[in-house]
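Residue numbers (our numbering), protein chains in the order written: chain A, 2 to 412; chain B, 360 to 697. So the structure is just underneath, and the comments pick up after that.
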Amino acid sequence: MAATSRLHIPHPPARPGQRADFSYLKLSPAGAVARPDPRARADQMTNVSTSLVRVLDDDGKAVGPWDPHLDAADLQVGLRHMLTTRIYDDRMQRAQRQGKISFYIKSTGEEAVSIAATMALRPGDMLFPSYRTQGLQIARGRNLVDLMCQCLSNSRDMCKGRQMPIFYHWKDGKIFSVSGNLTTQVPQAAGWAMAAAIKGEDHIAAAWTGEGSTAEADFHHAMTFAAVYRAPVLINVVNNQWAISTFQGFAGGEQQTFAARGPGYGLPGIRVDGNDFLAVYAVTQWAAERARNGAGATLIEHVTYRAGAHSTSDDPSRYRPKDEWKEFPLGDPVERLKHHLIVLGAWSDDRHRALEQELDTLVTESWKEAISYGTMTEGPSLHPDTLFEDVFREMPEHLRRQRDELRKIRG
Amino acid sequence: MAQMNMVQALNSAMDVMLARDSTVIVMGQDVGYFGGVFRCTDGLQRKYGEHRVIDTPIAEGGIIAAAIGMGVNGLRPVAEIQFADYIYPGFDQIASELARLRYRTAGDLYAPVTVRVPAGGGIRGGQTHSQSPEALFAHICGVKVVMPSNPYDAKGLLIAAIEDDDPVIFFEPKRLYNGPFDGDPNKPAIPWSTHPKGEVPDGHYRVPLGRADVVRAGNEVTVVTYGTLVHVAEAAAKANNVDAEIIDVRSMVPLDIETIATSVRKTGRCIVAHEATRFVGFGAELSATIQEECFWSLEAPIERVAGWDTPYPHAFEWEYFPGQARIGAALKKVRAAA
Chain A
2 MAATSRLHIP HPPARPGQRA DFSYLKLSPA GAVARPDPRA RADQMTNVST
52 SLVRVLDDDG KAVGPWDPHL DAADLQVGLR HMLTTRIYDD RMQRAQRQGK
102 ISFYIKSTGE EAVSIAATMA LRPGDMLFPS YRTQGLQIAR GRNLVDLMCQ
152 CLSNSRDMCK GRQMPIFYHW KDGKIFSVSG NLTTQVPQAA GWAMAAAIKG
202 EDHIAAAWTG EGSTAEADFH HAMTFAAVYR APVLINVVNN QWAISTFQGF
252 AGGEQQTFAA RGPGYGLPGI RVDGNDFLAV YAVTQWAAER ARNGAGATLI
302 EHVTYRAGAH STSDDPSRYR PKDEWKEFPL GDPVERLKHH LIVLGAWSDD
352 RHRALEQELD TLVTESWKEA ISYGTMTEGP SLHPDTLFED VFREMPEHLR
402 RQRDELRKIR G
Chain B
360 MAQMNMVQAL NSAMDVMLAR DSTVIVMGQD VGYFGGVFRC TDGLQRKYGE
410 HRVIDTPIAE GGIIAAAIGM GVNGLRPVAE IQFADYIYPG FDQIASELAR
460 LRYRTAGDLY APVTVRVPAG GGIRGGQTHS QSPEALFAHI CGVKVVMPSN
510 PYDAKGLLIA AIEDDDPVIF FEPKRLYNGP FDGDPNKPAI PWSTHPKGEV
560 PDGHYRVPLG RADVVRAGNE VTVVTYGTLV HVAEAAAKAN NVDAEIIDVR
610 SMVPLDIETI ATSVRKTGRC IVAHEATRFV GFGAELSATI QEECFWSLEA
660 PIERVAGWDT PYPHAFEWEY FPGQARIGAA LKKVRAAA
């Protein structure tokens, strides 16, 4: 037979109607992966990029060298943030279905990736979010009313009605603006981190992007700049297995882990159980310590699963098995942390239910307050003049003229 | 005052700003140790150190993105893109990020980045070292767009751009780096020391963004142009005995329509000239706006002179370049029109 080249088209292990199959996911037992010295050379720790750092075992116990030994009180805070995020997401999804907001993106199943990481960083560290990391805002203590007002584009919207729902930012909370152009924030985070190093500060930057978005050139730019300048930046790749309808193999995940790209650039790459709150916390803490000590950037692959649709405009039943999340071997980050706290004797089903009720009330009350500042259809609303503001610091003559033209037409 | 060519004037602008403001940094391919392929950053790294004048990887998208991150973190980066032809990998970071950060965050976040971009042809650069893509950037909402035509303006505009809190795309007509060029490649090159705008103050001064300059007063025809063609138009008017009023736009965004309209209302005749391609070029915007502002004063249709709508050819550079012959013909046509 004559030799011919072949075009390989990656296929997910299961499509709708087929049995979910995660046999492709290489797992390590909890506690099995060694914890390298945070100041060691990247090429001395390549094992952490292909194994899986896990702390919580199946019995809900924290085991192994990565256990961050957090107080139960801190874990309870983490659980509260994750539950707040989940309940907030459910409420906003409902608001979209009721036609109150135009669009929404849930982060269900991925809460630990945002929240544990944020809690492991300092308030002065700058966070560069992706569109599914509302947990960053919640972990930094953002008022839910502010987030809801953004989604409503109302008179108290932080973005003055210029962005679709979920494109938040928070200057005072040191959270950058979400962009619809994917991965653009990652090389920006590298630049932010370079500036911190130039200024001799010990603040670091952390960015989040999806595994699908690592295919963008910006990811390569970020890795190159982070490596070349040893910039104090954490590059978090959230591998939730799905980029809308294409599975992680379409971003290059079939032959190699995403974390394994780190060593190719001279950076540590750590693959972590993204649904294990303690493991995400520990790996972030390790990478932050490394960055603050001048040893540079780390690539972190969080293995998780996108439990919901990509967005309210998506229907995943058309491209993946309905029950896939239930079969995901790393479970649910909320349930796992809850179980761990119960095992520690620091939590109970009753307390959990009470917390859920408290947060339900908080979200409901916040929503009532948010809509009092207006909705897409009912006032109070922003003045249309504002649409010409903030294009430049000072409004130039041509925009003043266009503003006047609009005023005249509106009468 | 000193005699400077445009390279020295740009170098002096960065030198002044690096000395005055510790948040200013210069970055780009080959700008550091080597001093830039056009020598615009010569000596700056030696003077200000590797943390202020930074060599970067060959990654225009990465350079712009990193500059944005630095800008958000309190620095004032001046990023060099080695040739305008290579800016496109950074286009998304400029159009979607740099230009819109202030707007999308309602003024909370912004990045005061200046992007220096050597542009234009007439240097035997073929289609990969000759482009003038200013219209692509002028079309973006949220970036200012500038192109100087002489050393004095180059320094004053670059200082104004660096001090501006809005992002500025700063195009440098590289054919003018070493001397004014009247469009005739067969004449011996002349240095900037022969030109009054080659006199440049050593210290700090600004040429404000958004103001056009009347470089020659006249009564018969207004020529609205910028960059290299300012000098070509002057020579063409002289050669054809046309009493032209020549306006150097200098700043495309914001555009000083007042200065332009005042002139066209006076002369009643206008040609618009640039080196960039004609179709949807910046001249189309100029022509449309002048028509809106000056229709009842116009005595002839506005004429456009531009690069042909082809890539910039290597062998037929001077057939492509909108030189004195084409500008002269347009001047005579517009002057003669009833």
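All C-beta atoms, glycine included, are put in the ideal place defined by N, C-alpha and C.
Work out the CA separation of residue j and residue i for me, nearest whole Å.
i, j, result
"I549/B", "E456/B", "41 Å"
"A232/A", "D374/B", "26 Å"
"C500/B", "R461/B", "11 Å"
"D615/B", "R141/A", "45 Å"
"L360/A", "T382/B", "44 Å"
"T258/A", "G265/A", "12 Å"
"V505/B", "S610/B", "4 Å"
"T185/A", "A697/B", "55 Å"
"N537/B", "V583/B", "23 Å"
"I271/A", "R55/A", "11 Å"
"T285/A", "D512/B", "50 Å"
"R534/B", "W677/B", "13 Å"
"H222/A", "M195/A", "14 Å"
"A603/B", "R628/B", "10 Å"
"Y445/B", "E325/A", "45 Å"
"V49/A", "A33/A", "11 Å"
"G569/B", "Y132/A", "37 Å"
"A121/A", "G79/A", "11 Å"
Against residue i, what residues of chain A qualify as contacts under a CB-to-CB distance less than 7 Å, listed in chain order?
i, result
"A424/B", "T185, P188, Q189, G192, D219, H222"
"L460/B", "S178"
"H699/B", "This structure gives no information on residue 699/B, because the portion of chain B shown stretches from 360 to 697."
Just the chain A side, please: which residues come within less than 8 Å of residue i by C-beta, in chain order?
i, result
"M365/B", "In chain order: nothing, as chain A lies at least about 27 Å away."
"L614/B", "H399"
"E456/B", "S180, N182, T185, Q189"
Since I believe residue j is in contact with residue i (beta carbons under 8 Å), could you give me their beta-carbon distance rounded to a whole number of angstroms?
i, j, result
"G61/A", "H353/A", "That pair is no contact at about 14 Å."
"I139/A", "T210/A", "No, I139/A and T210/A are not in contact; Cβ-Cβ is about 19 Å, not under 8 Å."
"A438/B", "G387/B", "6 Å"
"V566/B", "I606/B", "Not confirmed; about 15 Å, so no contact."
"W368/A", "M149/A", "6 Å"
"Q459/A", "T313/A", "Past the edges of chain A, shown from 2 to 412, lies residue 459/A, and the structure says nothing about it."
"A478/B", "E531/B", "6 Å"
"V476/B", "I440/B", "5 Å"
"I630/B", "E662/B", "4 Å"
"R694/B", "V608/B", "That pair is no contact at about 21 Å."
Around the Cβ of residue i, are there at least 16 other Cβ atoms within 10 angstroms (buried) or fewer (exposed)?
i, result
"N545/B", "exposed"
"H384/A", "exposed"
"N509/B", "buried"
"Y585/B", "buried"
"L495/B", "buried"
"G375/A", "buried"
"F654/B", "exposed"
"T365/A", "exposed"
"R401/A", "exposed"
"G642/B", "buried"
Under 6 Å Cβ to Cβ from residue i, same chain only, skipping five residues before and after it: list those, please.
i, result
"P670/B", "Q486"
"C399/B", "V366, L369, N370"
"P672/B", "Y679"
"E255/A", "P11"
"A96/A", "I102"
"H554/B", "P539"
"G297/A", "R231"
Apart from the five residues on each side of it in sequence, which residues of its chain come closer than 7 Å, Cβ to Cβ, to residue i?
i, result
"A594/B", "D541, G542, Q683"
Find the residues of chain B that neighbour residue i, judging by a C-beta separation of less than 7 Å, and give them in chain order.
i, result
"D391/A", "R461, Y462, A465, G466"
"T225/A", "P416, A418, G421"
"V229/A", "P416"
"M161/A", "Per the sequence shown, residue 161/A should be read as Lys rather than Met. Within chain B, the residues near K161/A are A465."
Output, in chain order, the set of chain B residues within a Cβ distance shorter than 9 Å of residue i.
i, result
"I139/A", "Per Cβ cutoff of 9 Å: no residues; I139/A is ~19 Å from chain B at best."
Can you name the residues of chain B whose CB is closer than 8 Å to the CB of residue i?
i, result
"K172/A", "T464, D467, L468"
"Q164/A", "R463"
"K409/A", "Within 8 Å Cβ-Cβ: nothing; K409/A doesn't reach chain B, min ~16 Å."
Who are the near neighbours of residue i in its chain, counting only those whose CB is closer than 8 Å to its CB and skipping five residues on each side?
i, result
"T225/A", "Y266"
"V431/B", "L460, L468, Y469, A470"
List, in order along the chain, the chain A residues whose C-beta lies closer than 9 Å to that of residue i?
i, result
"Q441/B", "Near Q441/B there are no residues of chain A at all, since even the closest Cβ is about 16 Å away, more than 9 Å."
"I427/B", "T185, P188, Q189, G192, W193"
"G569/B", "P397, E398"
If you measure from the CB of residue i, is any heavy atom of the ligand HEM nearer than 8 Å?
i, result
"W287/A", "With respect to the ligand HEM, the structure shown offers nothing to examine, as it has no ligands at all."
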